[in-house]
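First up is the structure itself, then whatever we jot down about it.
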Amino acid sequence: MQVIFEKSVKERATAQYPKLDVEAMDLASLTGGVLRENDAEIPELSELDVVRHFKALAKRNVGVDDTFYPLGSCTMKYNPKVNEKAAAMEGFTSLHPYVEFYRAQGTMKLLSHLEELLCGITGMAAFTLHPMAGAHGEWVGMSIIRKYHEVNGGKRNRVLVPDSSHGTNPASAAMAGFIVESVATDSNGEVEIDDLKSKLGDDLAGIMLTNPNTLGVFETKILEIAKMVHGSGGLLYYDGANLNAIMGKCRPGDMGFDVVHLNLHKTFATPHGGGGPGAGPVGVCSKLEQFLPTPRIVKNSEDDSEMPLIWSDDFPQSIGRVSGFYGNVGIAIRAYTYIRILGEAGLRQASEDAVLAANYLRVKIGKLFPVAFDRMCMHEFVVTPGELLKNGIHTLDIAKAMIDRGVHPMTIYFPLIVSEAMMIEPTETESVEELDRFIEIMEDILDVAKNDPELIKTSPHKTVVKRLDEAKAARSAIVTAGFN
Amino acid sequence: MVPEELKYTKDHEWIKVEGDEITVGITDHAQSALGDITYVELPEEDEDFSAGDSFGTIESVKAASDCYVPVSGSVVAVNDELENTPEFINSDPYGDGWLVKVTLTDATELEELMDSEAYETLLKEEEE
């Protein structure tokens, strides 16, 4: 398939302009003499060419609207269409970010209420909706922790992450100026307490945890961990990637976490991945509230019925602005819709069903492939190819074979502490029939892998593009498109 | 097969000792576990390290992993070839895929390293 640049035909314009019937103007006079020297490289195609090009691409796309998508740690739950309907309301879509506050009161009220709802769900004192995605939220959260220690005079520059953590955790901590150290995992799949104990100290800024962690295991010693880290003067950061397992059951704030980021595109059913953008709101406990990014929505101190809410920059201890305007507001509207429609009981049931679906699969898939840290899991679990490795079949081959069978592969080779990991997260939105269909697919793959391993090793066979050379793509990456 | 003349770390680096200079690379087991290597980040010459410091990163299609220098010393040579041909680590981990050469400051640190027999035992243990 050609890229759109390759389809370009010189002077095949979509738009035709009327004949110039006014005096021609010198463009340079408008720009102070600054003009580009070469034409912009824009593909020249007819409207129909463009429509067919993108329609063809769309047909080859795969998403949760097409098929089962058990991408572990990503919570690829179905995104209800009513969320789109709400976000598409003209009052939201036609709102310009520079509009006067009094004309945006409805949207501001929604955002403010969403902040409150997220506080309730997580047990935090205050939230910011500014961060544009999960990793952005992590960086904002870690910057708040850095600011807290600066203000309190502590020279704390060390951050701990478990060896099972999301790769973004150490990266975000490093971006925020910290030195990162990793903590070992014990034989139950939880943080190893003795190792943590040996890494505390008066230079410790904090620890970043996901609970349940990336093995799908709940950190049962979280209260003890919080006590240890707080006792050492450090703060606890909660990576909200796996919040889908615990909504309405327990709250990061009650576990002792000081900073939380959420992924609205995971837990709160907003579009994900290529369908983004994402949103990574950050919540904090009360002693960190003063450091949240600005501007913040606050009650208008002047009695003005037309403008009860304003955006305020009047927070001298704030870490400052982290987004051009107010975050991805369209995503916040979708998440708000989701939360309001489900309500407290609905969110709790979503988490219960997500955990139930994962355990159903863990037990059934566990009969086919060995489960790493095989115990009651939360919303996801990790398996490995087991005996198939002896036939030369690796996780990558199994993932490719799944594509041929019409399901999106799970997360592979993560978490790093499990060799040949396959991380499966079904989410609450799949029916038991769909889960059974997936089990049959995995049975079929296992069967073929035993009897005709070559067929699995060379898959996928039914796709437009066959097995990709992933090493070549990374070694000699071409990441720009253009003419010639 | 694990070469008998080399020393090993639990992080799957190999060390070749020649007088007070050592060559460091990753083992065949390590390259096989990482998969196709796509990028290698190595230190500058003359950079000093203490035992246990990370001196570089190896990225594969699966993961990015730190490499640790097992002894204290100063970098005297870096395998620049890997910049354009990181696949040497996959094809020849004990030869063309070497990473850095370091001069030792404390030869007694070498005593901490495993010999080939101990490393093979570690590999067997990890398999289980």
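Order-wise, the sequence lines are chains V and S. All letters in the first sequence, in the order written, are residues 1 to 484 by our numbering. All letters in the second sequence, in the order written, are residues 1001 to 1128 by our numbering. For glycine and all other residues, C-beta sits at the position ideal for the given N, C-alpha and C.
If you measure between the beta carbons of residue i and residue j, is that distance less than 8 Å?
i	j	result
PHE101 of chain V	GLU115 of chain V	no
MET423 of chain V	GLY72 of chain V	yes
LEU200 of chain V	TYR238 of chain V	no
GLU420 of chain V	PRO385 of chain V	yes
THR75 of chain V	PRO252 of chain V	no
HIS379 of chain V	ALA245 of chain V	yes
ASP397 of chain V	ILE456 of chain V	yes
VAL180 of chain V	ASP195 of chain V	no
SER1065 of chain S	LEU1034 of chain S	yes
PHE268 of chain V	ALA335 of chain V	yes
MET247 of chain V	LEU347 of chain V	yes
ILE319 of chain V	LYS155 of chain V	no
PRO281 of chain V	LEU117 of chain V	no
VAL217 of chain V	CYS377 of chain V	yes
GLY1019 of chain S	VAL1040 of chain S	no
VAL1078 of chain S	VAL1102 of chain S	no
PRO426 of chain V	ALA350 of chain V	no
ALA1051 of chain S	SER1074 of chain S	no
GLU224 of chain V	VAL1061 of chain S	no
PRO293 of chain V	VAL51 of chain V	no
LEU1082 of chain S	LEU1042 of chain S	yes
PRO415 of chain V	LEU215 of chain V	yes
ALA345 of chain V	ILE393 of chain V	no
To which residues does DSSP link residue i through a beta bridge?
i	result
LYS299 of chain V	V:LEU309
LYS1101 of chain S	S:THR1023 and S:ALA1077
ALA1064 of chain S	S:GLU1059
ILE179 of chain V	V:ARG158
ASP1048 of chain S	S:SER1074
GLU1018 of chain S	S:GLU1021
PHE127 of chain V	V:GLY283
ILE1037 of chain S	S:SER1060
TYR1094 of chain S	In the DSSP output, where bridge partners are listed per residue, TYR1094 of chain S has none listed.
ILE412 of chain V	V:MET422
Taking the straight line between their C-alpha atoms, what separation do you get for residue i and residue j?
i	j	result
THR168 of chain V	GLU219 of chain V	20 Å
GLY366 of chain V	GLU443 of chain V	11 Å
ILE412 of chain V	LEU243 of chain V	21 Å
VAL371 of chain V	PHE381 of chain V	7 Å
ARG158 of chain V	VAL418 of chain V	26 Å
ALA474 of chain V	ALA1063 of chain S	12 Å
ASP1036 of chain S	PHE257 of chain V	39 Å
LEU1006 of chain S	TRP1014 of chain S	6 Å
LEU20 of chain V	ASP26 of chain V	14 Å
GLY1025 of chain S	GLU150 of chain V	40 Å
PRO131 of chain V	SER94 of chain V	22 Å
GLY153 of chain V	MET175 of chain V	21 Å
GLU1047 of chain S	PRO1003 of chain S	28 Å
GLU47 of chain V	GLY482 of chain V	20 Å
LEU30 of chain V	ILE339 of chain V	49 Å
PRO70 of chain V	MET1 of chain V	28 Å
HIS261 of chain V	ALA125 of chain V	13 Å
GLY63 of chain V	LYS77 of chain V	10 Å
GLY91 of chain V	PRO212 of chain V	38 Å
GLU352 of chain V	GLY106 of chain V	33 Å
Taking the beta carbon of residue i as the centre, do at least 16 other beta carbons fall within 10 Å, making it buried, or is it exposed?
i	result
GLN317 of chain V	exposed
ASP1028 of chain S	buried
GLN16 of chain V	exposed
TYR326 of chain V	buried
THR1023 of chain S	buried
THR185 of chain V	buried
GLU190 of chain V	buried
MET89 of chain V	exposed
VAL9 of chain V	exposed
TYR98 of chain V	exposed
ALA104 of chain V	buried
LYS400 of chain V	buried
HIS272 of chain V	buried
For residue i, go through chain A and note every residue whose CB falls closer than 9 Å to its CB, in chain order.
i	result
ASP1036 of chain S	Of the protein chains in the structure, V and S, none is chain A.
Say the cut is 7 Å; is the CB of residue i nearer than that to a heavy atom of the ligand ATP?
i	result
LYS1016 of chain S	For the structure depicted, the ligand ATP is absent and the ligand set is empty, with no information on it obtainable.
Can you list, in chain order, the stretches of the alpha helix (DSSP H) that have 4 or more residues and sit fully within the region 421-483 of chain V?
432-451, 453-457 and 470-475
Taking only runs of the beta strand (DSSP E) that begin and end inside the region 192-255 of chain V, which ones reach a length of at least 3 residues, in chain order?
204-209 and 235-239
Can you check the region 34-86 of chain V for any alpha helix (DSSP H) of at least 4 residues that lies completely inside it and give the ranges in chain order?
47-60
With a floor of 4 residues, list each alpha helix (DSSP H) that falls wholly inside the region 107-151 of chain V, ordered by position along the chain.
134-151
Please list the segments of the alpha helix (DSSP H) lying wholly inside the region 358-390 of chain V, counting only runs of 4 or more residues, in order along the chain.
none
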